[in-house]
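Participant:
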Amino acid sequence: MAAGAPRIFVSHLAGVPVFDPNGDQVGRVRDLVVMLRVGRRPPRLLGLVVELTTRRRIFLPMTRVTGVESGQVITTGVMNVRRFEQRPTERLVFGELLDRRVTLVETGEEVTVLDVSVQQLPARRDWEVDRVFVRKGKKASAFRRAKGETLTADWSAVTGFSLEEHGQGAESLLATFEQLRPADLANVLHHLSAKRRAEVAAALDDDRLADVLEELPEDDQIEILGKLKEERAADVLEAMDPDDAADLLSELPEEDKERLLSLMQPADAADMRRLMSYEEHTAGGLMTTEPIVLRPDATVADALARVRNPDLSPALAAQVYVCRPPDETPTGKYLGTVHFQRLLRDPPYTLVSSLLDEDLQTLAPGAALPVIAGFFATYDMVAAPVVDEAGSLLGAVTVDDVLDHMLPEDWRETEFHLDEEEGAAPHGS
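Counting in full-length UniProt numbering, the sequence shown runs from 1 upward without gaps.
In structure tokens form, the structure reads like this:
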């Protein structure tokens with residue numbers, strides 16, 4: 001849904017069918033999973049509890065929902081069929097929020113929650129619970145029908161849902177740190193006790209934990225992964241960037257590594273094995289296997305649609321790679337790179353094959369770290385294509401991965417504070 005997406009009351013989602021991109025029904029919505037926040041901030045909608053045709057209930061993240069339309073939910077088709085387990089920071093909308101007694105902030109009157117509405121935030125993939133539909137008067141019982149005025153109020157207009165600021169549990173800690181970037185949250189986790197670090201990691205959703213793990217020192221990564229259930233550890237590894245996941249797996253004992261790989265989706269496990277086959281400080285060892293790949297008959301409009309994907313890092317979104325099929329790495333013959341700025345200068349119907357930067361050199365998978373660093377310095381690039389001897393695109397190395405391997409091992413321990421003496425502009429300048 002785009003900006004201005006309609007508000008959806010959750011009662012309209014109860015039991016609706018869930019379809020894959022081909023139109024095949026995979027299950028039905030049985031509940032919605034939200035994460036409460038400190039104070040009266042609206043909760044984040046994390047995903048849906050979907051009951052498959054086998055009666056198993058699984059968690060479907062909202063990042064894998066492409067459409068919520070009248071009477072149906074459309075998914076990307078990528079679903080993890082591990083049985084849903086509710087985490088400490090999560091609340092079920094149907095099971096825990098509806099029929100709850102809360103208080104109107106303005107009047108202090110107790111009301112009953114009949115329904116809540118959700119809406120996608122403009123220009124983002126995040127969803128929030130924004131309003132509550134309530135009934136005034138006493139709660140209904142088996143012998144008395146509920147009567148009273150009904151009204152719709154903003155989430156902030158009621159109290160009785162949100163976490164308390166003074167709470168010391170992992171859920172309050174998570175709510176407090178929710179706005180932190182993954183690198184900043186990783187820094188916080190690094191300085192927590194091992195027990196509290198494990199509690200917070202267990203409560204984070206898979207995608208968020210994956211982002212944070214990518215920013216943690218190796219020892220912390222191994223410690224956290226080792227305290228997760230194996231099935232969940234495999235899910236988190238799948239959610240990580242393939243190159244980061246491969247680096248982490250390569251540090252585990254062989255038995256643990258093989259056990260986790262066996263629990264992953266076959267395609268993801270194959271990517272990990274391929275990346276681990278390269279030396280660590282080479283282009284093959286540093287690359288991600290998921291750059292933007294387009295066929296030569298794709299248009300500028302197609303390319304920009306792919307670049308807009310909010311899950312892509314800015315470095316990966318800076319260019320697209322044009323290749324003969326197959327589109328998945330290793331691709332067919334690599335034809336060239338199209339830079340994001342060039343996409344902005346040409347009409348939407350222009351074929352990307354006419355915009356190639358054919359003079360840009362490529363990296364061989366065995367290229368050593370100094371060679372890779374020299375490439376970025378020479379061409380002022382933020383990502384570089386990695387191409388094998390057969391001319392197939394294997395992946396792309398991003399400048400952040402190069403920096404990670406060139407900085408001292410303890411660079412995360414350094415506090416970076418820029419002030420006027422160190423050359424930073426004064427506040428307000």
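Using N, Cα and C, we set each Cβ at its ideal position, and we do this for glycine too.
According to DSSP, what are the bridge partners of Phe161?
Facilitator: Note: Phe161 sits in no beta bridge, so no partner.
Participant: Assuming contact is defined by CB atoms lying nearer than 8 Å, are Thr337 and Val293 in contact in what I supplied?
Facilitator: Not a contact, by the Cβ cut-off of 8 Å.
Participant: Quick one: using the 10 Å Cβ neighbour count with 16 as the cut-off for buried, is Ala270 buried or exposed?
Facilitator: So Ala270 ends up on the exposed side.
Participant: Check whether the Cβ atoms of Met287 and Val397 lie closer than 8 Å to each other.
Facilitator: Yes, the Cβ-Cβ distance between Met287 and Val397 is below 8 Å.
Participant: Beta-carbon separation of Val34 and Val111 under 8 Å?
Facilitator: No, these two residues do not count as a Cβ contact at 8 Å.
Participant: For Asp357, does the count of other Cβ atoms within 10 angstroms reach 16, so buried, or fall short, so exposed?
Facilitator: It counts as exposed.
Participant: Quick check on this structure: which residue in Leu192, Ala315, Leu104, Tyr349 has the alpha carbon closest to the alpha carbon of Ala301?
Facilitator: With distances taken between Cα atoms, Ala301 lies closest to Tyr349.
Participant: In terms of residue numbering, what span does the beta strand (DSSP E) encompassing Asp154 cover?
Facilitator: Start and end: 150-154.
Participant: Span of the beta strand (DSSP E) holding Ser117?
Facilitator: From DSSP, the beta strand (DSSP E) with Ser117 extends over 110-120.
Participant: Taking the alpha-carbon positions, what's the Ser354 to Ala367 distance?
Facilitator: So the two alpha carbons sit approximately 29 Å from each other.
Participant: I'd like the list of long-range same chain contacts for Asp20, defined as Cβ closer than 7 Å, with 5 residues on each side in sequence excluded.
Facilitator: If we look at Asp20 and ignore the five residues flanking it on each side, its Cβ neighbours are Val26, Thr75, Gly77.
Participant: Could you tell me which residues DSSP puts in a beta bridge with His339?
Facilitator: Paired residues: Gln319.
Participant: By DSSP's criteria, Met35 is part of a beta bridge. Which residues make up the other side?
Facilitator: Answer by DSSP bridge pairing, in chain order: Arg44, Glu90.
Participant: Gly285 to Phe9, Cα distance in whole Å?
Facilitator: In a straight line, the C-alpha of Gly285 is about 47 Å away from that of Phe9.
Participant: Does the Cβ of Asp220 have 16 or more other Cβ atoms within 10 Å, making it buried, or fewer, making it exposed?
Facilitator: Per the 10 Å Cβ criterion, buried.
Participant: Secondary structure at Phe9, three-state DSSP: helix, strand or coil?
Facilitator: Residue state, collapsed to three classes: strand.
Participant: Anyone know if the C-beta pair for Arg82 and Asp235 falls short of 8 Å?
Facilitator: It is a contact, given that the beta carbons lie within the stated cut-off.
Participant: Could you please give me the residues that DSSP links to Ile74 through a beta bridge?
Facilitator: According to DSSP, which records beta bridges pairwise, Ile74 is partnered with Phe19, Gly67.
Participant: Would you call the segment 378-389 in contact with the segment 299-316, where contact means no fewer than 3 C-beta pairs closer than 8 Å?
Facilitator: A contact exists between the segment 378-389 and the segment 299-316.
Participant: Cα-Cα, which of Phe133, Glu290, Ala377, Ala298 is closest to Val158?
Facilitator: Checked all of Phe133, Glu290, Ala377, Ala298; the closest Cα to Val158 is Phe133.
Participant: Is the separation between the beta-carbon of Pro61 and that of Val129 shorter than 8 Å?
Facilitator: Contact: no.
Participant: Where DSSP assigns a beta bridge to Gly27, which residues make up the other side?
Facilitator: BP columns for Gly27 point to Val18, Leu52.
Participant: Could you tell me whether the Cβ atoms of Tyr321 and Ser392 are closer together than 8 Å?
Facilitator: No, Cβ-Cβ distance for Tyr321 and Ser392 is not below 8 Å.
Participant: Along the chain, where does the beta strand (DSSP E) that runs through Leu394 open and close?
Facilitator: First-last of the beta strand (DSSP E) with Leu394: 393-398.
Participant: Quick one, which of Asp31, Arg273, Ile58, Glu106 has its alpha-carbon nearest Arg232's?
Facilitator: Comparing Cα-Cα distances from Arg232 to each of Asp31, Arg273, Ile58, Glu106, the minimum goes to Ile58.
Participant: Which same chain residues end up closer than 6 Å to Glu51 when comparing Cβ atoms and leaving out the 5 residues on each side of it in sequence?
Facilitator: Excluding positions up to five away in sequence, the list reads Gly27, Arg28, Arg30, Arg57.
Participant: Got a sec, what are the start and stop residues for the alpha helix (DSSP H) Arg273 sits in?
Facilitator: Unbroken alpha helix (DSSP H) run through Arg273: 266-276.
Participant: Since Arg37 and Glu178 are thought to touch, with beta carbons under 8 Å apart, how far apart are those beta carbons, to the nearest angstrom?
Facilitator: At roughly 6 Å, the Cβ-Cβ gap stays under 8 Å, so Arg37 and Glu178 are in contact.
Participant: Is the separation between the beta-carbon of Leu394 and that of Thr329 shorter than 8 Å?
Facilitator: Yes, Cβ-Cβ distance for Leu394 and Thr329 is below 8 Å.
Participant: Report the rounded CA-to-CA distance for Thr289 versus Ser250, giving the unit in angstroms.
Facilitator: C-alpha separation (whole angstroms): 16 Å.
Participant: Just how far apart, CA to CA, sit Arg145 and Ala153?
Facilitator: Residue placement at Arg145 cannot be trusted, given a pLDDT of 49 that sits under 50; the coordinates are not used to answer.
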